[in-house]
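Student:
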Amino acid sequence: MRYKFDGKQPEVGKNSYISDTARVIGDVVIGDNCYIGHGAILRGDYGRIEIGDGTAVEEGAIVHAPPDDLNRIGNKVTIGHAAVVHGKCIGDQAVIGMGSVISIWAEIGEWAIVGEGSVVKLKQIIPAKVVAAGNPAKIVREIAEKDQKFWTWGKQVYIDLAEKYLNEPLEPV
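Its first residue numbered 2, the sequence shown is counted upward by one per residue in the numbering used here.
In structure tokens form, the structure reads like this:
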């Protein structure tokens with residue numbers, strides 16, 4: 002569901018799916034071919050959220066922006082189930098693992114992978130093309146070609162899933 006708040010309402014690109022149980026509130030811009038999963042919350046109430054094309058915000062994820070600021074999430078980003086994303090920016094193709102926390106004003110580089118359950122601290126910067134994991138998150142290695150291959154496939158799965166949900170709406174039984 003989309004909600005107008007404080008005079009601002011969400012903008013949603015073409016072929017993007019937003020679950021009926023998701024909450025998209027206020028100053029939120031969602032690109033084309035995105036998937037916003039069941040129970041996800043995108044709160045653009047006192048800050049702006051911008052989500053690029055082909056991005057998946059999976060079930061139960063929470064996305065918020067710092068006060069009077071922008072949380073920019075790039076193209077083809079994967080935000081895993083139950084992640085909390087309150088950062089400044091996430092680069093194109095990045096992966097935020099399930100249950101991870103991206104704290105206020107944190108930055109995640111392009112193609113970076115934040116491992117499941119990791120905590121990226123206040124204003125912490127994770128550079129491009131690395132895997133970071135732990136609490137607090139630390140760089141554990143550079144990404145490999147197999148990582149890029151796997152996540153290119155995984156991102157397409159959610160682009161295709163968004164299209165399928167749009168073409169085959171859920172029906173109560």
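Where is the CB? At the ideal position from N, CA and C, for every residue including glycine.
Quick check on V158: does DSSP put it in helix, strand or coil?
Tutor: Residue state, collapsed to three classes: helix.
Student: Could you say if the segment 128 to 143 and the segment 32 to 45 meet the contact criterion of at least three C-beta pairs nearer than 8 Å?
Tutor: Not touching, per the Cβ criterion.
Student: Grab the span of the beta strand (DSSP E) containing E51 for me, first residue to last.
Tutor: Residues I42 to I52.
Student: Please state if the CB of I26 and the CB of D46 are separated by a distance shorter than 8 Å.
Tutor: Contact flag set, yes.
Student: Could you please give the first and the last residue of the uninterrupted beta strand (DSSP E) stretch that includes A133?
Tutor: Per DSSP, A133 belongs to the beta strand (DSSP E) from V131 to A134.
Student: So the candidates are I42, E146, F6 and Q10; which of them puts its Cα closest to the Cα of I176?
Tutor: No answer is possible for residue 176: the residues shown for the chain start at 2 and end at 174.
Student: Just checking my contact of I42 with T56 at CB under 8 Å: how many whole Å lie between their CB atoms?
Tutor: Not confirmed; about 15 Å, so no contact.
Student: Around the C-beta of W154, are 16 or more other C-beta atoms found within 10 angstroms, so that it is buried, or is it exposed?
Tutor: Burial call: exposed.
Student: Which full runs of the beta strand (DSSP E) of 3+ residues lie inside the segment 48 to 117, going along the chain?
Tutor: Correct list: 63 to 65 and 71 to 74.
Student: Are the Cβ atoms of H65 and R44 separated by less than 8 Å?
Tutor: Yes. Within cutoff.
Student: How far does the beta strand (DSSP E) with K139 in it reach, from first residue to last?
Tutor: Per DSSP, K139 belongs to the beta strand (DSSP E) from K139 to E143.
Student: Have a look at E51 and V174 and give me their C-alpha separation to the nearest angstrom.
Tutor: Near 35 Å, if we compare the C-alpha coordinates of V174 and E51.
Student: With the cut-off set at 8 Å, would you say V120 and I109 are in Cβ contact?
Tutor: No, they are not a contact pair.
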